[in-house]
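Report on the structure given below.
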Amino acid sequence: MSTLEHARLYLCTDSRSRTGDLADFLDVVLANGVDVVQLREKGLEARAEMRLLETFAAAAERHDALWAVNDRADVARAVGAPILHLGQDDLPVPVARDIVGEGVLLGRSTHSPGQADAARTENDVAYYCCGPTWTTPTKPGRPAAGVELLGHAAAHQDERPWFAIGGIESLERLDEVIARGARRAVVVRAITDAEDPGAAASAFAARLRAISP
166 MSTLEHARLY LCTDSRSRTG DLADFLDVVL ANGVDVVQLR EKGLEARAEM RLLETFAAAA
226 ERHDALWAVN DRADVARAVG APILHLGQDD LPVPVARDIV GEGVLLGRST HSPGQADAAR
286 TENDVAYYCC GPTWTTPTKP GRPAAGVELL GHAAAHQDER PWFAIGGIES LERLDEVIAR
346 GARRAVVVRA ITDAEDPGAA ASAFAARLRA ISP
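Numbering-wise (my numbering), the sequence shown opens with residue 166 and increments by one.
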């Protein structure tokens, strides 16, 4: 299986219920350079989320990729997810670890230099995300952290992976976060809303892999 250390492009997507093409969509983006896929859709009942995650797990296995559960430690444990991603208002990392058990990678969202430093040094956090770099409708009401947060993360980074996130909707914006020191990125609409998701994924992945680790 792909490892988090080598992951560069992380995609969050909803269930694609409007288009009904979730399995095909996941196959296309994973075949074109996405390393991690996360289901992000609020308001799902646990059983419905678990059914959708079966599709994520199957696609990730076909493409030797990673997949993640957002927020829900109970669901992550139930489906045997390799990654659980936690926001600042979700369960504390030690509590989440108690629920999911060993072997699950825990990720953390951060929105300020202090939060990024805490995630970077906290036991059991495998990776963290810094943002939102720009305001984004996927996080309504959350102010942008700005590119300055990325500069802080880059200046203090160690071997623990971190990802730029939030409003990275074009290759131009991807270049901006790369210029601030990011080597990994989480995207949503740049791929999910693209006319050709495979081509969009390929372009983002190529840009990230063209830079030094």
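Cβ coordinates follow ideal geometry from the N, Cα and C atoms, glycine included.
- Among the bridge pairs identified by DSSP, PHE328 is matched with CYS294.
- As DSSP reads the structure, ALA233 sits in a beta bridge with GLN203, ILE248.
- Note that the C-beta distance between LEU217 and SER180 is below 7 Å.
- For GLY316, the enclosing alpha helix (DSSP H) starts and ends at 312-321.
- Exclusion of the five residues before and after GLY332 leaves GLY296, PRO297, THR298, TRP299, THR300, THR301, ALA309, ARG338 as the residues of its chain whose Cβ lies within less than 8 Å of its Cβ.
- When the five nearest sequence neighbours on each side are left out, the beta carbons in the same chain lying within less than 8 Å of the beta carbon of ARG205 are those of CYS177, THR178, ASP179, ASN235, THR303, VAL353, in order along the chain.
- When C-alpha distances from HIS171 are compared across GLY306, PRO326, VAL194, ALA281, the shortest belongs to PRO326.
- Among the bridge pairs identified by DSSP, ARG273 is matched with LEU251, TYR293.
- Shown here, VAL353 sits in coil according to DSSP, grouped into three states, outside any helix or strand.
- Bounds of the alpha helix (DSSP H) holding LEU191 are 187-196.
- Annotation for THR220: the continuous alpha helix (DSSP H) segment containing it runs 211-227.
- About 7 Å separates the beta carbons of ASP200 and TYR175, which is inside the 8 Å limit, making them a contact pair.
- Here DSSP, grouped into helix, strand and coil, assigns LEU176 to strand.
- Within its own chain, the residues whose Cβ lies closer than 8 Å to the Cβ of GLY363, once the five positions on either side in sequence are excluded, are VAL193, VAL194, ALA196, ASN197, listed in chain order.
- Taking the Cα of PRO257 as reference, the smallest distance to any Cα among ALA320, ALA213, LEU271 is reached at LEU271.
- When C-alpha distances from GLY311 are compared across VAL290, VAL342, LEU336, the shortest belongs to VAL342.
- Per DSSP, the unbroken alpha helix (DSSP H) holding ARG262 starts and ends at 258-265.
- Between ALA365 and ILE356 a beta carbon distance of about 5 Å is seen, short of the 8 Å cut, so the two are scored as contacting.
- Excluding five sequence positions before and after ALA318, the CB atoms of its chain that fall closer than 6 Å to its own CB belong to ALA281, CYS295, TRP327, given in chain order.
- Under the DSSP assignment, GLU341 falls in the alpha helix (DSSP H) whose first and last residues are 336-344.
- Separation of ALA350 and GLY185 (C-alpha to C-alpha, rounded to the nearest whole angstrom) is 26 Å.
- Distance between GLU287 and ARG273, taken at the CA atoms: about 10 Å.
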